[in-house]
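A.B. asks:
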Amino acid sequence: MSVTWPTPLAGVLTGTRVRLEPLADGHRDALFAASRHPEIWCWLRAYPSSREAFDGWFDEALGASAAGEEFAFATVDVATDTVIGSTRFLALRPADLGLEIGWTWLTPGAWRSGANVEAKLLMLTHAFDALGCIRVELKTHAENQRSRTAMEAMGAWFEGVHRNHRIVPGIGVRDTAWFSVIDADWPDVRRRLQARLE
């Protein structure tokens with residue numbers, strides 16, 4: 000018998016800066032426009048420079064969501080109603096009350112705007128308070144210092160580097176830095192994220 004979450008995995012998650020909408024085909028064109036910056040992709044995968052390459056990435060995200068393997072969002076700027084990026088719940092383990100937040104990217108114009116901070120707050124709140132998670136993982140390329148610094152600033156626990164963890168198309172062999180937030184950490188992490196938004 001399969002184990003499922005005690006509540007729907009996710010729906011629209013709304014904050015004051017961003018709104019996380021379940022990824023749908025209607026986001027395709029706007030997300031393509033937001034993704035036209037190679038610096039977004041330097042730690043994620045090969046830059047999807049063509050529309051065909053981007054559509055491959057987009058269809059993969061939609062397919063994983065439809066199959067229940069992941070749950071992808073489009074990140075929307077509340078003030079302008081503009082799609083500015085994407086993020087996902089993945090590595091879903093309802094039997095263990097755990098999941099990962101990842102595949103997060105924003106168009107450079109939204110960097111340092113608080114959009115990522117609020118998106119993490121919305122997703123962590125849903126994970127811990129609605130889904131009853133006891134563990135949320137965050138991972139990044141070990142050399143991605145910008146991402147690692149953001150995870151440390153929110154109070155995520157650094158668990159070490161998995162050497163030769165993955166082979167990433169367009170990047171090569173990746174050492175992966177692992178971070179986590181567990182239920183005991185969550186009150187402090189919430190306070191940190193809320194303080195950064197203020």
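Numbering (numbering that gives the first Met the number 0), first residue to last: 0 to 197.
All residues carry an ideal CB built from backbone N, CA and C; glycine is no exception.
Quick caveat: nothing in here was measured; it's all calculated off a predicted structure.
1) Would you kindly check if the distance between the Cβ of F127 and the Cβ of W177 is under 8 Å?
2) Please classify M0 as buried or exposed, where buried requires at least 16 other C-beta atoms within 10 Å of its C-beta.
3) F72: buried (16+ other C-beta within 10 angstroms of its C-beta) or exposed?
4) Ordered along the chain, which non-local residues of its own chain (more than five positions away) have a Cβ less than 7 Å from that of I181?
5) Just mark L123 as buried or exposed, buried being the case when its beta carbon has 16 or more other beta carbons within 10 Å.
6) For D28, tell me which candidate among P7, G84, Y46 has the shortest Cα-Cα distance.
7) Whole-angstrom Cβ separation of T74 and A114, contact assumed at under 8 Å?
8) Could you name each continuous beta strand (DSSP E) segment of 3 residues or more that falls completely within the region 59-100, going from the start of the chain to the end?
9) What's the call for R18, buried or exposed, on a 16-neighbour Cβ count within 10 Å?
C.D. replies: Taking the definition as stated:
1) In the sequence shown, residue 177 corresponds to position 178, counting from 1. In the sequence shown, residue 127 corresponds to position 128, counting from 1. The answer is no: Cβ separation not under 8 Å.
2) Mapped onto the sequence shown, residue 0 falls at position 1. Model confidence at M0 stands at a pLDDT of 39, short of 50, so the residue's coordinates are unreliable; what they give is reported in the following sentence. Exposed: under 16 other Cβ atoms inside 10 Å.
3) Translated into positions along the sequence shown, residue 72 becomes position 73. Burial call: buried.
4) Here residue 181 refers to the residue found at position 182 when the sequence shown is read from its first residue. Excluding residues within five positions, the ones whose Cβ falls inside 7 Å are I133, R134.
5) Residue numbering aside, residue 123 sits at position 124 when the sequence shown is read from its first letter. Flag for L123 reads buried.
6) Within the sequence shown, the letter at position 29 stands for residue 28. The option with the nearest alpha carbon to D28 is G84.
7) Counted from its first residue, the sequence shown places residue 74 at position 75. Counted from its first residue, the sequence shown places residue 114 at position 115. Correct: roughly 7 Å between the Cβ atoms.
8) Within the region 59-100, the complete beta strand (DSSP E) runs of at least 3 residues are 70-76, 81-92.
9) The count along the sequence shown starts at 1 and reaches residue 18 at position 19. Result: buried.
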